[in-house]
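Novice: Pasting a structure here, questions to come.
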Amino acid sequence: MLNLLIENINHDGEGIARNKGKVVFIPFTIVGEQVNVEIVEDKKYYSRGILKEIVTKSSHRIEAKCPYYYNCGGCSYQHMAYQMQTSLKQKIVQNTFKRIGGIDFEVKELIGMQKPWNYRNKVTWHLVEEQKSIKMGFYRMRSNILIDIQQCTLLKPVLNEVSHIIREMIHELKIGEKSSIMIRHSNDLNKVMIEFINCIPGKNLLKKLSGKAHSIYLQQRGSLKLLFGEKGLTQRTGHSMFILGPHDFFQINPEQNEKLIHLVCQYLDLSGTEKVLDAYCGVGTFSINIARDAFRVLGIDSNLQAINNAIVGSCEHVLVNLKTRFNRIIVDPPRAGLKEAFIRSILSVCPKIIVYISCNPSTLARDIKQFILNDYKLIDIQPLDMFPQTSNIENIVLLQKI
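For the sequence shown, my numbering gives the first residue as 2, with consecutive numbering after it.
See below:
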(Lines of atoms letter the chains of each structure in order from A and count residues from 1; the text may use other names and numbers.)
(Lines give C-alpha, C1' and ligand atoms only; values in the text may rest on other atoms or scores of the structure.)
Protein backbone atom coordinates (compact mmCIF):
# COMPACT_ATOMS: atom_id res chain seq x y z
CA MET A 1 0.00 0.00 0.00
CA LEU A 2 1.31 3.42 -0.99
CA ASN A 3 0.33 6.86 0.32
CA LEU A 4 0.39 9.31 -2.61
CA LEU A 5 -0.55 12.90 -3.47
CA ILE A 6 -2.64 13.47 -6.61
CA GLU A 7 -0.80 16.12 -8.62
CA ASN A 8 -2.76 16.21 -11.88
CA ILE A 9 -5.45 14.53 -14.01
CA ASN A 10 -4.73 12.95 -17.42
CA HIS A 11 -6.89 12.97 -20.56
CA ASP A 12 -8.54 9.68 -19.51
CA GLY A 13 -9.71 11.23 -16.24
CA GLU A 14 -7.19 9.35 -14.09
CA GLY A 15 -5.35 11.01 -11.24
CA ILE A 16 -1.57 11.34 -11.62
CA ALA A 17 0.75 10.80 -8.66
CA ARG A 18 4.45 9.95 -8.33
CA ASN A 19 6.14 7.15 -6.44
CA LYS A 20 9.92 7.63 -6.26
CA GLY A 21 9.77 9.57 -9.52
CA LYS A 22 7.63 7.03 -11.41
CA VAL A 23 4.19 8.14 -12.60
CA VAL A 24 1.22 6.33 -11.05
CA PHE A 25 -2.26 6.54 -12.63
CA ILE A 26 -5.17 6.26 -10.16
CA PRO A 27 -8.82 6.53 -11.32
CA PHE A 28 -11.55 8.27 -9.27
CA THR A 29 -9.21 10.78 -7.61
CA ILE A 30 -9.00 14.59 -7.56
CA VAL A 31 -6.01 16.94 -7.60
CA GLY A 32 -4.81 17.69 -4.06
CA GLU A 33 -6.14 14.50 -2.49
CA GLN A 34 -3.86 12.33 -0.37
CA VAL A 35 -4.77 8.72 -1.03
CA ASN A 36 -3.79 5.17 -0.16
CA VAL A 37 -3.26 3.14 -3.31
CA GLU A 38 -2.67 -0.49 -4.23
CA ILE A 39 -0.49 -1.01 -7.31
CA VAL A 40 -2.12 -3.45 -9.75
CA GLU A 41 0.10 -2.91 -12.80
CA ASP A 42 3.78 -2.03 -12.71
CA LYS A 43 5.53 -1.10 -15.97
CA LYS A 44 9.02 0.28 -16.61
CA TYR A 45 7.95 3.92 -16.88
CA TYR A 46 4.58 4.01 -15.10
CA SER A 47 2.29 2.11 -12.73
CA ARG A 48 -1.48 1.79 -12.35
CA GLY A 49 -3.12 1.77 -8.96
CA ILE A 50 -6.58 1.37 -7.47
CA LEU A 51 -7.94 3.72 -4.84
CA LYS A 52 -8.18 2.02 -1.45
CA GLU A 53 -8.67 4.97 0.90
CA ILE A 54 -8.98 8.77 0.72
CA VAL A 55 -6.82 10.22 3.49
CA THR A 56 -7.37 13.88 2.59
CA LYS A 57 -10.57 14.52 0.64
CA SER A 58 -11.04 17.32 -1.92
CA SER A 59 -13.82 19.84 -1.33
CA HIS A 60 -14.92 19.10 -4.93
CA ARG A 61 -15.63 15.41 -4.19
CA ILE A 62 -19.30 14.34 -4.25
CA GLU A 63 -21.23 11.08 -4.07
CA ALA A 64 -21.55 9.44 -7.49
CA LYS A 65 -25.13 9.41 -8.74
CA CYS A 66 -24.78 6.01 -10.45
CA PRO A 67 -24.57 2.86 -8.27
CA TYR A 68 -22.37 1.18 -10.93
CA TYR A 69 -19.94 4.08 -11.28
CA TYR A 70 -16.86 2.54 -9.66
CA ASN A 71 -17.29 -0.74 -11.56
CA CYS A 72 -18.71 0.22 -14.96
CA GLY A 73 -15.90 2.30 -16.45
CA GLY A 74 -18.17 4.30 -18.76
CA CYS A 75 -17.83 7.50 -16.70
CA SER A 76 -14.74 9.10 -15.19
CA TYR A 77 -15.93 12.22 -13.34
CA GLN A 78 -19.09 11.41 -11.37
CA HIS A 79 -17.08 11.69 -8.15
CA MET A 80 -16.49 15.41 -8.68
CA ALA A 81 -18.83 18.42 -8.82
CA TYR A 82 -19.86 19.40 -12.35
CA GLN A 83 -18.27 22.85 -12.11
CA MET A 84 -14.99 21.10 -11.31
CA GLN A 85 -15.45 18.80 -14.32
CA THR A 86 -15.86 21.70 -16.75
CA SER A 87 -12.88 23.59 -15.31
CA LEU A 88 -10.73 20.46 -15.46
CA LYS A 89 -11.60 19.75 -19.09
CA GLN A 90 -10.70 23.31 -20.10
CA LYS A 91 -7.31 22.93 -18.39
CA ILE A 92 -6.68 19.56 -20.06
CA VAL A 93 -7.21 21.13 -23.49
CA GLN A 94 -4.97 24.08 -22.55
CA ASN A 95 -2.18 21.81 -21.31
CA THR A 96 -2.48 19.41 -24.26
CA PHE A 97 -2.04 22.20 -26.80
CA LYS A 98 1.05 23.42 -24.97
CA ARG A 99 2.57 19.95 -24.41
CA ILE A 100 1.90 18.37 -27.82
CA GLY A 101 1.56 21.35 -30.15
CA GLY A 102 3.89 23.77 -28.38
CA ILE A 103 0.96 26.20 -28.59
CA ASP A 104 0.52 28.60 -25.67
CA PHE A 105 -2.99 29.91 -26.37
CA GLU A 106 -5.86 30.88 -24.08
CA VAL A 107 -8.55 28.22 -24.38
CA LYS A 108 -12.10 29.52 -23.97
CA GLU A 109 -14.27 28.49 -21.04
CA LEU A 110 -15.91 25.14 -21.75
CA ILE A 111 -19.57 25.24 -22.82
CA GLY A 112 -21.33 22.96 -20.35
CA MET A 113 -24.87 21.79 -19.66
CA GLN A 114 -27.35 23.03 -17.06
CA LYS A 115 -28.56 19.45 -16.56
CA PRO A 116 -25.61 17.13 -17.27
CA TRP A 117 -27.60 13.89 -16.91
CA ASN A 118 -29.94 11.80 -19.10
CA TYR A 119 -28.55 13.38 -22.27
CA ARG A 120 -27.55 10.35 -24.37
CA ASN A 121 -29.99 9.46 -27.16
CA LYS A 122 -28.19 6.25 -28.11
CA VAL A 123 -26.86 3.22 -26.24
CA THR A 124 -25.28 -0.11 -27.16
CA TRP A 125 -25.71 -2.84 -24.55
CA HIS A 126 -23.40 -5.85 -24.65
CA LEU A 127 -24.65 -9.36 -23.92
CA VAL A 128 -22.94 -12.47 -22.53
CA GLU A 129 -24.28 -15.78 -21.28
CA GLU A 130 -23.02 -16.94 -17.89
CA GLN A 131 -24.30 -20.00 -16.03
CA LYS A 132 -27.33 -20.30 -18.33
CA SER A 133 -28.40 -16.69 -17.75
CA ILE A 134 -27.84 -13.62 -19.93
CA LYS A 135 -26.09 -10.52 -18.61
CA MET A 136 -26.73 -7.15 -20.26
CA GLY A 137 -24.49 -4.17 -19.59
CA PHE A 138 -21.14 -2.49 -20.24
CA TYR A 139 -17.60 -3.81 -20.09
CA ARG A 140 -15.43 -2.67 -17.21
CA MET A 141 -12.62 -0.40 -18.39
CA ARG A 142 -9.54 -2.27 -19.65
CA SER A 143 -11.15 -5.66 -19.12
CA ASN A 144 -13.44 -8.26 -20.67
CA ILE A 145 -15.63 -8.37 -17.57
CA LEU A 146 -19.24 -7.41 -18.32
CA ILE A 147 -21.02 -5.46 -15.59
CA ASP A 148 -24.75 -6.26 -15.43
CA ILE A 149 -26.47 -2.85 -15.39
CA GLN A 150 -30.16 -2.16 -14.76
CA GLN A 151 -30.14 1.47 -15.87
CA CYS A 152 -27.73 4.23 -16.88
CA THR A 153 -27.96 7.78 -15.51
CA LEU A 154 -26.64 9.24 -18.79
CA LEU A 155 -29.42 7.81 -20.97
CA LYS A 156 -32.65 9.50 -22.01
CA PRO A 157 -35.43 8.03 -19.80
CA VAL A 158 -37.11 6.35 -22.78
CA LEU A 159 -33.91 4.39 -23.50
CA ASN A 160 -33.89 3.08 -19.93
CA GLU A 161 -37.57 2.18 -20.29
CA VAL A 162 -36.98 0.17 -23.49
CA SER A 163 -33.91 -1.43 -21.94
CA HIS A 164 -36.02 -2.48 -18.94
CA ILE A 165 -38.51 -4.26 -21.23
CA ILE A 166 -35.66 -6.21 -22.84
CA ARG A 167 -34.21 -7.17 -19.44
CA GLU A 168 -37.60 -8.35 -18.19
CA MET A 169 -37.87 -10.69 -21.20
CA ILE A 170 -34.17 -11.41 -21.72
CA HIS A 171 -34.83 -15.16 -21.60
CA GLU A 172 -36.50 -14.72 -25.00
CA LEU A 173 -33.20 -13.70 -26.59
CA LYS A 174 -31.07 -16.18 -28.49
CA ILE A 175 -27.53 -14.80 -28.37
CA GLY A 176 -24.29 -15.68 -30.14
CA GLU A 177 -20.73 -14.36 -30.12
CA LYS A 178 -20.28 -10.61 -29.65
CA SER A 179 -24.01 -10.04 -29.20
CA SER A 180 -25.27 -6.53 -28.50
CA ILE A 181 -28.37 -4.36 -28.69
CA MET A 182 -28.38 -0.78 -30.01
CA ILE A 183 -31.23 1.54 -29.00
CA ARG A 184 -31.56 5.04 -30.47
CA HIS A 185 -34.02 7.81 -29.65
CA SER A 186 -35.12 10.67 -31.89
CA ASN A 187 -36.32 14.03 -30.62
CA ASP A 188 -38.71 14.18 -33.58
CA LEU A 189 -42.04 12.64 -32.51
CA ASN A 190 -40.24 10.83 -29.67
CA LYS A 191 -39.35 7.80 -31.83
CA VAL A 192 -37.17 4.80 -30.94
CA MET A 193 -35.07 2.44 -33.09
CA ILE A 194 -33.70 -0.91 -31.89
CA GLU A 195 -31.07 -3.09 -33.55
CA PHE A 196 -30.39 -6.64 -32.39
CA ILE A 197 -26.81 -7.51 -33.33
CA ASN A 198 -25.91 -11.21 -33.44
CA CYS A 199 -28.89 -12.01 -31.23
CA ILE A 200 -32.46 -12.97 -32.14
CA PRO A 201 -35.50 -11.70 -30.22
CA GLY A 202 -38.37 -14.13 -29.54
CA LYS A 203 -41.89 -13.41 -30.85
CA ASN A 204 -43.24 -12.24 -27.47
CA LEU A 205 -40.35 -9.83 -26.95
CA LEU A 206 -40.73 -8.49 -30.48
CA LYS A 207 -44.45 -7.96 -29.94
CA LYS A 208 -43.84 -6.15 -26.62
CA LEU A 209 -41.17 -3.89 -28.16
CA SER A 210 -43.31 -3.07 -31.19
CA GLY A 211 -45.56 -1.05 -28.86
CA LYS A 212 -42.58 1.14 -27.86
CA ALA A 213 -40.30 1.20 -30.92
CA HIS A 214 -40.88 2.56 -34.41
CA SER A 215 -38.08 0.56 -36.07
CA ILE A 216 -36.62 -2.83 -35.13
CA TYR A 217 -33.69 -4.29 -37.03
CA LEU A 218 -31.79 -7.58 -36.94
CA GLN A 219 -28.13 -7.73 -37.95
CA GLN A 220 -26.52 -11.13 -38.41
CA ARG A 221 -23.34 -12.09 -40.26
CA GLY A 222 -23.15 -8.61 -41.77
CA SER A 223 -26.71 -8.76 -43.13
CA LEU A 224 -29.26 -6.15 -41.99
CA LYS A 225 -32.99 -6.97 -41.93
CA LEU A 226 -35.93 -4.77 -40.91
CA LEU A 227 -38.13 -6.80 -38.55
CA PHE A 228 -40.70 -4.13 -37.76
CA GLY A 229 -41.72 -0.58 -38.58
CA GLU A 230 -40.07 2.25 -40.46
CA LYS A 231 -36.74 2.02 -42.28
CA GLY A 232 -35.31 5.21 -40.84
CA LEU A 233 -35.59 7.42 -37.80
CA THR A 234 -36.13 11.15 -38.35
CA GLN A 235 -33.98 13.49 -36.28
CA ARG A 236 -34.41 17.29 -36.27
CA THR A 237 -31.13 19.17 -35.80
CA GLY A 238 -30.54 22.84 -36.47
CA HIS A 239 -33.14 23.89 -39.05
CA SER A 240 -32.92 20.57 -40.90
CA MET A 241 -34.40 17.07 -40.72
CA PHE A 242 -32.27 13.93 -41.06
CA ILE A 243 -33.25 10.33 -41.67
CA LEU A 244 -30.98 7.97 -39.73
CA GLY A 245 -30.37 4.28 -40.26
CA PRO A 246 -29.06 2.00 -37.49
CA HIS A 247 -25.42 2.47 -38.56
CA ASP A 248 -25.39 6.22 -39.23
CA PHE A 249 -23.13 8.30 -36.99
CA PHE A 250 -24.88 11.16 -35.23
CA GLN A 251 -23.93 13.08 -32.10
CA ILE A 252 -25.52 11.43 -29.06
CA ASN A 253 -26.20 14.68 -27.17
CA PRO A 254 -28.95 16.66 -29.01
CA GLU A 255 -28.77 19.74 -26.77
CA GLN A 256 -25.01 20.19 -27.14
CA ASN A 257 -25.13 19.28 -30.83
CA GLU A 258 -27.33 22.34 -31.43
CA LYS A 259 -24.67 24.51 -29.78
CA LEU A 260 -21.97 22.86 -31.89
CA ILE A 261 -23.81 23.59 -35.14
CA HIS A 262 -24.38 27.20 -34.07
CA LEU A 263 -20.65 27.63 -33.35
CA VAL A 264 -19.61 26.14 -36.69
CA CYS A 265 -21.98 28.48 -38.54
CA GLN A 266 -20.66 31.43 -36.56
CA TYR A 267 -17.01 30.55 -37.29
CA LEU A 268 -17.64 30.05 -41.02
CA ASP A 269 -18.95 33.64 -41.28
CA LEU A 270 -20.97 33.00 -44.44
CA SER A 271 -22.40 35.75 -46.64
CA GLY A 272 -23.84 33.62 -49.46
CA THR A 273 -20.86 33.75 -51.82
CA GLU A 274 -18.61 31.12 -50.25
CA LYS A 275 -17.73 27.63 -51.47
CA VAL A 276 -17.57 25.29 -48.48
CA LEU A 277 -16.06 21.82 -48.22
CA ASP A 278 -17.36 19.59 -45.40
CA ALA A 279 -14.83 16.79 -44.91
CA TYR A 280 -15.92 13.66 -43.00
CA CYS A 281 -19.46 14.97 -43.47
CA GLY A 282 -21.35 11.82 -42.39
CA VAL A 283 -25.09 12.35 -42.79
CA GLY A 284 -24.44 16.05 -43.45
CA THR A 285 -25.16 17.65 -40.07
CA PHE A 286 -23.08 20.71 -40.95
CA SER A 287 -23.46 20.66 -44.77
CA ILE A 288 -27.23 20.71 -44.80
CA ASN A 289 -27.54 23.30 -42.05
CA ILE A 290 -25.19 25.78 -43.78
CA ALA A 291 -26.33 25.16 -47.37
CA ARG A 292 -28.82 28.04 -47.48
CA ASP A 293 -26.14 30.54 -46.38
CA ALA A 294 -23.37 29.54 -48.83
CA PHE A 295 -22.98 29.61 -52.62
CA ARG A 296 -21.99 25.94 -52.74
CA VAL A 297 -21.42 23.18 -50.14
CA LEU A 298 -19.76 19.86 -50.93
CA GLY A 299 -19.47 16.95 -48.50
CA ILE A 300 -16.94 14.11 -48.55
CA ASP A 301 -17.20 10.89 -46.58
CA SER A 302 -16.01 7.30 -46.95
CA ASN A 303 -19.27 5.86 -45.54
CA LEU A 304 -21.55 5.16 -48.49
CA GLN A 305 -24.55 4.43 -46.23
CA ALA A 306 -24.36 7.81 -44.51
CA ILE A 307 -24.63 10.06 -47.51
CA ASN A 308 -26.71 10.77 -50.59
CA ASN A 309 -25.69 14.06 -52.20
CA ALA A 310 -21.98 13.96 -51.41
CA ILE A 311 -18.77 12.42 -52.74
CA VAL A 312 -17.84 9.00 -51.40
CA GLY A 313 -14.14 8.39 -50.76
CA SER A 314 -11.25 9.10 -48.44
CA CYS A 315 -10.81 12.84 -47.92
CA GLU A 316 -7.10 12.91 -48.82
CA HIS A 317 -7.76 11.22 -52.19
CA VAL A 318 -10.89 13.15 -53.16
CA LEU A 319 -9.81 16.71 -52.34
CA VAL A 320 -6.57 16.57 -54.34
CA ASN A 321 -8.58 15.66 -57.48
CA LEU A 322 -11.26 18.32 -57.11
CA LYS A 323 -11.03 21.33 -59.37
CA THR A 324 -13.16 23.57 -57.14
CA ARG A 325 -11.30 26.10 -54.98
CA PHE A 326 -12.93 26.23 -51.56
CA ASN A 327 -12.60 29.29 -49.33
CA ARG A 328 -14.10 27.54 -46.28
CA ILE A 329 -13.28 24.02 -45.06
CA ILE A 330 -14.85 22.08 -42.18
CA VAL A 331 -13.03 18.99 -40.88
CA ASP A 332 -14.51 16.62 -38.31
CA PRO A 333 -12.21 13.56 -38.45
CA PRO A 334 -12.12 10.41 -36.29
CA ARG A 335 -10.04 10.41 -33.09
CA ALA A 336 -6.88 9.63 -35.07
CA GLY A 337 -7.05 13.12 -36.59
CA LEU A 338 -6.05 14.21 -40.09
CA LYS A 339 -3.65 12.25 -42.28
CA GLU A 340 -0.61 14.19 -43.45
CA ALA A 341 -1.70 13.79 -47.06
CA PHE A 342 -5.03 15.47 -46.32
CA ILE A 343 -3.37 18.34 -44.48
CA ARG A 344 -1.20 18.89 -47.56
CA SER A 345 -4.31 18.82 -49.76
CA ILE A 346 -6.03 21.44 -47.58
CA LEU A 347 -2.95 23.67 -47.68
CA SER A 348 -2.84 23.42 -51.48
CA VAL A 349 -6.46 24.63 -51.66
CA CYS A 350 -5.55 27.53 -49.36
CA PRO A 351 -8.99 28.22 -47.77
CA LYS A 352 -9.47 31.50 -45.95
CA ILE A 353 -11.12 29.78 -42.96
CA ILE A 354 -10.72 26.28 -41.50
CA VAL A 355 -13.07 25.01 -38.79
CA TYR A 356 -11.71 21.88 -37.11
CA ILE A 357 -13.98 19.78 -34.84
CA SER A 358 -12.36 17.07 -32.73
CA CYS A 359 -13.03 14.85 -29.71
CA ASN A 360 -9.30 14.15 -29.23
CA PRO A 361 -7.26 17.12 -27.91
CA SER A 362 -3.95 15.32 -28.56
CA THR A 363 -4.36 14.74 -32.30
CA LEU A 364 -6.10 18.11 -32.61
CA ALA A 365 -3.08 19.92 -31.11
CA ARG A 366 -0.74 17.94 -33.38
CA ASP A 367 -2.68 18.90 -36.53
CA ILE A 368 -3.25 22.56 -35.58
CA LYS A 369 0.52 22.94 -35.18
CA GLN A 370 0.95 21.97 -38.85
CA PHE A 371 -1.53 24.62 -39.99
CA ILE A 372 0.13 27.30 -37.86
CA LEU A 373 3.52 26.40 -39.39
CA ASN A 374 1.92 26.95 -42.81
CA ASP A 375 0.66 30.51 -42.34
CA TYR A 376 -2.63 29.95 -40.53
CA LYS A 377 -3.52 32.01 -37.49
CA LEU A 378 -5.21 30.35 -34.52
CA ILE A 379 -8.27 32.45 -33.63
CA ASP A 380 -10.31 30.32 -31.19
CA ILE A 381 -10.17 27.07 -29.24
CA GLN A 382 -13.66 26.40 -27.89
CA PRO A 383 -14.22 23.22 -25.82
CA LEU A 384 -17.77 21.92 -25.51
CA ASP A 385 -19.02 19.28 -23.06
CA MET A 386 -20.66 16.79 -25.40
CA PHE A 387 -20.20 13.97 -22.86
CA PRO A 388 -20.70 15.16 -19.24
CA GLN A 389 -19.48 12.82 -16.46
CA THR A 390 -16.91 11.31 -18.86
CA SER A 391 -13.36 12.34 -19.78
CA ASN A 392 -14.28 13.01 -23.43
CA ILE A 393 -13.99 16.60 -24.67
CA GLU A 394 -15.33 18.04 -27.94
CA ASN A 395 -13.37 21.00 -29.34
CA ILE A 396 -14.08 23.48 -32.11
CA VAL A 397 -11.06 25.36 -33.46
CA LEU A 398 -11.09 28.36 -35.80
CA LEU A 399 -8.11 29.02 -38.10
CA GLN A 400 -7.72 31.92 -40.53
CA LYS A 401 -5.27 32.31 -43.39
CA ILE A 402 -2.68 34.99 -42.71
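C-beta atoms are modelled at their ideal positions from N, C-alpha and C, and glycine is treated no differently.
So, helix, strand or coil for N20, using DSSP?
Specialist: Here residue 20 corresponds to residue number 19 of the sequence shown, with the count starting at 1. Here N20 sits in strand by DSSP.
Novice: Straight-line CA distance for I403 to Y268?
Specialist: Counted from its first residue, the sequence shown places residue 403 at position 402. Counted from its first residue, the sequence shown places residue 268 at position 267. I403 and Y268: Cα-Cα distance of roughly 16 Å.
Novice: I'd like to confirm the pairing. Which residues does DSSP put opposite T238 in its beta bridges?
Specialist: By 1-based counting over the sequence shown, the position of residue 238 is 237. Its beta-bridge partners are S241.
Novice: Tell me the rounded alpha-carbon separation between P384 and K99.
Specialist: Along the sequence shown, one-based indexing puts residue 384 at 383. Along the sequence shown, one-based indexing puts residue 99 at 98. Looking at the two C-alpha atoms, the distance is approximately 15 Å.
Novice: If you follow the alpha helix (DSSP H) that K370 is part of, which residue opens it and which one closes it?
Specialist: Residue numbering aside, residue 370 sits at position 369 when the sequence shown is read from its first letter. Element bounds for K370: P362 to L374.
Novice: Report, in whole angstroms, the separation of the C-beta atoms of H215 and K192, which I expect to be a contact under 8 Å.
Specialist: Stepping through the sequence shown from its first residue, residue 215 is reached at position 214. Stepping through the sequence shown from its first residue, residue 192 is reached at position 191. Between K192 and H215 the Cβ distance is about 4 Å, and since that is below 8 Å, they are a contact.
Novice: Whole angstroms are fine: how far does the CA of F327 sit from the CA of V356?
Specialist: The residue given as residue 356 occupies position 355 in the sequence shown. The residue given as residue 327 occupies position 326 in the sequence shown. Distance between the alpha carbons of V356 and F327 is about 13 Å.
Novice: Helix, strand or coil, according to DSSP, for K133 in the structure here?
Specialist: Position 132 of the sequence shown holds residue 133. Coil at K133, not helix or strand.
Novice: Alpha carbons only, please: which of I291, V41 and L365 is nearest the one belonging to R49?
Specialist: Here residue 49 refers to the residue found at position 48 when the sequence shown is read from its first residue. Considering only alpha carbons, the answer is V41.
Novice: To the nearest angstrom, report how far apart I1 and A82 are at their CA atoms.
Specialist: Lying outside 2 to 403, the shown extent of the chain, residue 1 is not represented and no answer is given.
Novice: Compute the beta-carbon to beta-carbon distance between N205 and E162, rounded to the nearest angstrom, for a pair I have assumed lies under 8 Å.
Specialist: Stepping through the sequence shown from its first residue, residue 205 is reached at position 204. Stepping through the sequence shown from its first residue, residue 162 is reached at position 161. With a Cβ gap of about 18 Å, N205 and E162 do not count as contacting.
Novice: Excluding the 5 residues flanking I397 on each side, which residues of the same chain have their C-beta closer than 6 Å to its C-beta?
Specialist: Looking up residue 397 in the sequence shown gives position 396. L264, I358 and Q383.
Novice: Check each candidate in I176, C351 and K45 and name the one with the smallest Cα separation from E131.
Specialist: The count along the sequence shown starts at 1 and reaches residue 131 at position 130. For the residues I176, C351 and K45, the minimum Cα distance to E131 belongs to I176.
Novice: List the residues that DSSP assigns as beta-bridge partners of Y47.
Specialist: Residue numbering aside, residue 47 sits at position 46 when the sequence shown is read from its first letter. Per DSSP, V24.
Novice: Going along the chain, which residues of its own chain have a beta-carbon closer than 8 Å to the beta-carbon of I135, five neighbours each way excluded?
Specialist: Here residue 135 corresponds to residue number 134 of the sequence shown, with the count starting at 1. Only L128, V129, I171, H172, L174 and I176 meet the Cβ criterion.
Novice: Can you tell me whether I148 sits near the ligand FMN, meaning its C-beta is under 7 Å from at least one heavy atom of the ligand?
Specialist: Ligands displayed in this structure: none; no statement on the ligand FMN is therefore possible.
Novice: How big is the Cα-Cα spacing for G230 and Q152?
Specialist: Indexing the sequence shown from 1 puts residue 230 at position 229. Indexing the sequence shown from 1 puts residue 152 at position 151. Answer to the nearest angstrom: the Cα atoms are 26 Å apart.
Novice: Pair every Cβ in the stretch 385-395 with every Cβ in the stretch 70-80, then say whether three or more of these pairs are closer than 8 Å.
Specialist: Flag = yes, the stretch 385-395 and the stretch 70-80 touch.
Novice: Just to confirm, is the Cβ distance from F29 to I17 under 8 Å?
Specialist: Within the sequence shown, numbered from 1, the residue matching residue 29 stands at position 28. Within the sequence shown, numbered from 1, the residue matching residue 17 stands at position 16. No; because the gap between Cβ atoms is not below 8 Å, this pair is not in contact.
Novice: Please state if the CB of K58 and the CB of E34 are separated by a distance shorter than 8 Å.
Specialist: To locate residue 34, count along the sequence shown from 1; it is residue 33. To locate residue 58, count along the sequence shown from 1; it is residue 57. Contact: yes.
Novice: Any idea if G22 is buried or exposed, counting beta-carbon neighbours within 10 angstroms, 16 or more meaning buried?
Specialist: Locating residue 22 in the sequence shown gives position 21, where the first residue counts as 1. Under this definition G22 is an exposed residue.
Novice: Apply the 10 Å Cβ neighbour rule to I291 and answer buried if 16 or more other Cβ atoms are within range, or exposed otherwise.
Specialist: As a working mapping, residue 291 is identified with position 290 in the sequence shown. With 16 or more other Cβ atoms within 10 Å, it is buried.
Novice: Shortest alpha-carbon distance to S181 belongs to which of I195, D189 and L190?
Specialist: Taking the first residue of the sequence shown as position 1, residue 181 is located at position 180. Cα-wise, what sits closest to S181 is I195.
Novice: Less than 8 Å between C-beta atoms, sequence neighbours within five positions excluded: which residues of the same chain meet that for G14?
Specialist: Reading the sequence shown from its first residue, position 13 is the one you call residue 14. If we look at G14 and ignore the five residues flanking it on each side, its Cβ neighbours are P28, S77, Y78, T391 and S392.
Novice: Does the beta-carbon of Y218 have 16 or more other beta-carbons within 10 angstroms, so that it is buried, or is it exposed?
Specialist: Translated into positions along the sequence shown, residue 218 becomes position 217. Classification of Y218: buried, given that the 10 Å Cβ count is 16 or more.
Novice: What residue range is occupied by the uninterrupted beta strand (DSSP E) comprising N191?
Specialist: In the sequence shown, counting from the first residue as 1, residue 191 sits at position 190. Taken as a continuous stretch (DSSP letters only), N191 belongs to no beta strand (DSSP E), as it is neither H nor E.
Novice: What does DSSP give as the partner residues of P384 in its beta bridges?
Specialist: Position 383 of the sequence shown, counted from the start, is the residue given in the question as residue 384. BP columns for P384 point to N396.
Novice: Could you give the distance in angstroms between the alpha-carbon of R143 and the alpha-carbon of R367?
Specialist: Within the sequence shown, the letter at position 142 stands for residue 143. Within the sequence shown, the letter at position 366 stands for residue 367. In a straight line, the C-alpha of R143 is about 26 Å away from that of R367.
Novice: Can the beta-carbon of L399 be found less than 8 Å from the beta-carbon of F372?
Specialist: The residue given as residue 399 occupies position 398 in the sequence shown. The residue given as residue 372 occupies position 371 in the sequence shown. For L399 and F372, no; Cβs fall outside 8 Å.
Novice: If I'm right that K370 touches I104 with Cβ under 8 Å, what's the distance once you round it to whole angstroms?
Specialist: Within the sequence shown, numbered from 1, the residue matching residue 370 stands at position 369. Within the sequence shown, numbered from 1, the residue matching residue 104 stands at position 103. With a Cβ gap of about 6 Å, K370 and I104 count as contacting.
Novice: Kindly list the residues whose CB is nearer than 8 Å to the CB of E395, restricted to its own chain and excluding five residues on each side of it in sequence; keep chain order.
Specialist: Walking along the sequence shown from the start, residue 395 turns up at place 394. Once the five neighbours on either side are set aside, the close Cβ partners of E395 are Q257, L261, I358, S359, C360, P384, L385, D386, M387 and F388.
Novice: Could you spell out the range, first to last residue, of the alpha helix (DSSP H) harbouring L339?
Specialist: If you number the sequence shown from 1, residue 339 lands on position 338. Neither: L339 is in no alpha helix (DSSP H) and is coded neither H nor E.
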